[in-house]
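Below is one structure; the comments refer to it alone.
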Amino acid sequence: MADRFAVILAAGKGTRMKSPRPKVLHEIGGRSMLAWSVALAKELGCKRSVVVVGPDMAQLSEAAAKLVGAENVVVQKDQLGTANAVDAARGALKDADGHAIVLYADTPLVPKEAGERAFAELEKGASVCVLGFRAKLPNRYGRLVTAGDGSLEAIVEANDATDAQLKIELANSGVMAAPVKLMFELLKDVKSDNAKKEFYLTDLVGLARGRKLQASVAHCEERDVQGVNSQAELAAVEQDFQAQARARFMTDGVTLQAPETAYFAHDTKIAAGVTVEPNVVFATGVSIAAGAVIRAFSHLEGARVGEGAIVGPFARLRPGAVIGREAHIGNFVEVKNVTVGDGAKANHLSYLGDGEVGAGANIGAGTIFCNYDGFFKYRTVVGANAFVGSNSSLVAPVTIGAGGYVGSGSVVVDDVPADALGIARGRQANKEGWAKAFRQTQSAAKKSGTKPPGAV
Ligand code: UD1
Ligand code: MG
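Everything in the sequence shown is counted per the numbering used here, starting at 1 for the first residue and increasing by one.
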């Protein structure tokens, strides 16, 4: 098999997004559209991906450099068309030998299988292959002119097409594959004598045919190659991604009680046998082990949930939350950068930030890990089987030893030894009969119209 390379076009200005953010840095499933294309190229085994950006796109160049390396980010000086954009990668790929695929960075959901089909055509002897699809409304797409045997003769852009050609439903997705060296050779012959006065990448097909080389179509679905030009299209592609993710998780044995209300990221991992209740958001970096239940209205990001654990309803797991087997994280509990041991429980109204909770420990309602002094963060360690009474503030850095108790309502600033009781609050005093006497004095005062000092 030939070595593979990718050229990812990202030079478009994206004006219709009306956003200060470069278009292709907008996200689908928590990952930028550009990163989706780069990930696809990696999945296809591309040795290198070259990203073509426009001039004055510092933010985009920087993001692209992080993904593919600065040496693989090239600038297309003037937007003279798709052929001119690919040509900008000529220098970066001068030593490349093998097959190249051209991807649009604003078309994030191209399946790996579709890319594989395009490369496979080259392996079978085609000199150019484009991904084509049956368009519901072909109007703006380039049309694929095929011969009787289904091979590709030419691509005509809508603006240049005859009435007969406009009736063709087979449309060009924009994804094209060709041998690297041949591609750059043919690019030299592309002219801009067309309706838009642009250099069309699609002309490579006609040029290849002119040399008696073979061109072919690999087929895909329209939704696979949905491009994003506006916020509405971004939302539509996000919906597609979510629909695919939901279907995939259900196929893989995850119970989604209200699939249309569960939101996933590109990297969400959920084992078979997990139940997800309605209205749960999985942001990036989450993995859930078998048998766990994620209850309604929970938000998870950068978190790992162990087997059989119960999270929520209304729980928030933030980056670094690692929840052990059979542990319980209940309503209005926020966990950040804390390892919660097997079977430990924090069921109500707590903030656990920076630290660890040992196996079997119980964190009472309203417990707060006071982790921040306005400048630095500190860790709270609660030992195995410790019991922290309700409404306690654990002022970090602090350790509650294994099996230790913290009296409810304590503000704990010193370590509590293992198996000890730490109690840090005012001692209770009961005054017999005080309430009764107080009521008598006050009601008498009210009847006589004399207000106590300070009353309004
Ligand atoms: C292109 C195809 C068309 C196909 C359609 C699919 C050509 C000539 N036409 O048309 O057959 O049906 O895509 O969506 O290729 N870009 C640059 N630099 C440029 C011009 C474009 O980087 O100078 C980038 C754009 O940002 C975009 C992509 O290339 O991501 C496609 O360009 P666009 O102008 O949208 O091409 P279409 O006219 O849609
Ligand atoms: Mg377009």
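C-beta: ideal position from N, C-alpha, C; glycine also.
Beta-carbon separation (whole angstroms), residue i vs residue j, contact threshold 8 angstroms
| i | j | result |
| --- | --- | --- |
| residue 180 | residue 253 | Rounded, the Cβ-Cβ distance is 42 angstroms, inconsistent with contact. |
| residue 199 | residue 84 | 4 angstroms |
| residue 9 | residue 104 | 5 angstroms |
| residue 108 | residue 176 | In fact, because the Cβ distance is near 17 angstroms, the residues do not count as touching under 8 angstroms. |
| residue 321 | residue 293 | The pair is not a contact, with the Cβ atoms about 16 angstroms apart (cut-off 8 angstroms). |
| residue 89 | residue 7 | 5 angstroms |
| residue 102 | residue 128 | With 8 angstroms as the limit, residue 102 and residue 128 do not qualify as a contact, their Cβ atoms being about 10 angstroms apart. |
| residue 457 | residue 331 | With the chain represented from 1 up to 456, any question about residue 457 goes unanswered, as that position is not in the structure. |
| residue 313 | residue 295 | 4 angstroms |
| residue 4 | residue 119 | 7 angstroms |
| residue 243 | residue 151 | Not confirmed; about 34 angstroms, so no contact. |
Residues sharing a beta bridge with residue i, DSSP
| i | result |
| --- | --- |
| residue 176 | 102, 130 |
| residue 151 | According to DSSP, which records beta bridges pairwise, residue 151 is partnered with nothing at all. |
| residue 10 | 53 |
| residue 221 | According to DSSP, residue 221 bridges with nothing at all. |
| residue 113 | The partner list for residue 113 (beta bridge, DSSP) is empty, contrary to what the question assumes. |
| residue 450 | DSSP, once it has assigned bridges, lists no residue as partnering residue 450. |
| residue 4 | 99 |
| residue 216 | 129 |
| residue 350 | 333 |
| residue 171 | 133, 143 |
| residue 32 | 27 |
| residue 269 | 287 |
| residue 355 | 338, 380 |
| residue 422 | 406 |
| residue 48 | 5 |
| residue 274 | None, per the DSSP bridge assignment. |
| residue 282 | 300 |
| residue 416 | 400 |
| residue 86 | According to DSSP, which records beta bridges pairwise, residue 86 is partnered with nothing at all. |
| residue 190 | In the DSSP output, where bridge partners are listed per residue, residue 190 has none listed. |
| residue 74 | 52 |
| residue 411 | 393 |
| residue 156 | 143 |
heavy atom of the ligand UD1 below 7 angstroms from residue i C-beta
| i | result |
| --- | --- |
| residue 401 | no |
| residue 385 | no |
| residue 106 | yes |
| residue 28 | no |
| residue 155 | yes |
| residue 93 | no |
| residue 11 | yes |
| residue 174 | yes |
| residue 343 | no |
| residue 234 | no |
| residue 351 | no |
| residue 142 | yes |
| residue 263 | no |
| residue 206 | no |
| residue 162 | no |
| residue 340 | no |
| residue 372 | no |
| residue 85 | yes |
| residue 311 | no |
| residue 59 | no |
| residue 79 | yes |
| residue 275 | no |
| residue 218 | no |
| residue 76 | yes |
| residue 200 | yes |
| residue 82 | yes |
| residue 293 | no |
| residue 68 | no |
beta-carbon residue i near the ligand MG non-hydrogen atom, thresh 7 angstroms
| i | result |
| --- | --- |
| residue 14 | no |
| residue 227 | yes |
Cβ-heavy atom distance, residue i to the ligand COA, below 7 angstroms
| i | result |
| --- | --- |
| residue 337 | Ligands displayed in this structure: the ligand UD1 and the ligand MG; the ligand COA is not among them. |
Worksheet item: Would the region 47-57 and the region 6-18 be scored as touching if the rule is three or more Cβ pairs under 8 angstroms?
Response: Put simply, the region 47-57 touches the region 6-18. At least three CB pairs are less than 8 angstroms apart.
Discussion item. Assess contact between the region 222-238 and the region 120-135, defined as three or more Cβ pairs (one per stretch) separated by less than 8 angstroms. Is contact present?
Written reply: Here the region 222-238 lies against the region 120-135, with 3 or more beta-carbon pairs under 8 angstroms apart.
Worksheet entry | Ordered list of alpha helix (DSSP H) runs contained in the region 225-266, each at least 4 residues | List check, alpha helix (DSSP H) in window: 231-251.
Discussion item. Contact between the region 203-211 and the region 161-171 is defined here as three or more beta-carbon pairs at a separation below 8 angstroms; is this criterion met?
Written reply: No, they do not touch.
Practice prompt. With a floor of 3 residues, list each beta strand (DSSP E) that falls wholly inside the region 363-403, ordered by position along the chain.
Written response: Entirely contained in the region 363-403, the beta strand (DSSP E) runs reaching 3 residues are, in chain order, 368-370, 380-382, 393-395, 398-400.
Worksheet item: Touch check for the region 374-388 and the region 396-412: three-plus C-beta pairs under 8 angstroms?
Response: Counting C-beta pairs closer than 8 angstroms gives three or more between the region 374-388 and the region 396-412, which meets the contact rule.
Worksheet entry | Stretch pair the region 386-393 + the region 361-374: three plus CB contacts closer than 8 angstroms | Verdict: yes, contact present.
Discussion item. Quick check for students: name the residue ranges of the beta strand (DSSP E) that lie wholly in the region 287-346, counting only runs of 3 or more.
Written reply: Here the runs fully enclosed are 328-340.
Worksheet item: Do the region 66-73 and the region 148-156 meet, that is, are 3 or more Cβ pairs less than 8 angstroms apart?
Response: For the pair of segments examined, the region 66-73 was found not to touch the region 148-156: the number of CB pairs separated by less than 8 angstroms stays below three.
Discussion item. Across the region 23-33 and the region 257-271, are there enough close Cβ pairs to call them in contact, namely three or more that are closer than 8 angstroms?
Written reply: With the rule of 3 Cβ pairs closer than 8 angstroms, the region 23-33 counts as touching the region 257-271.
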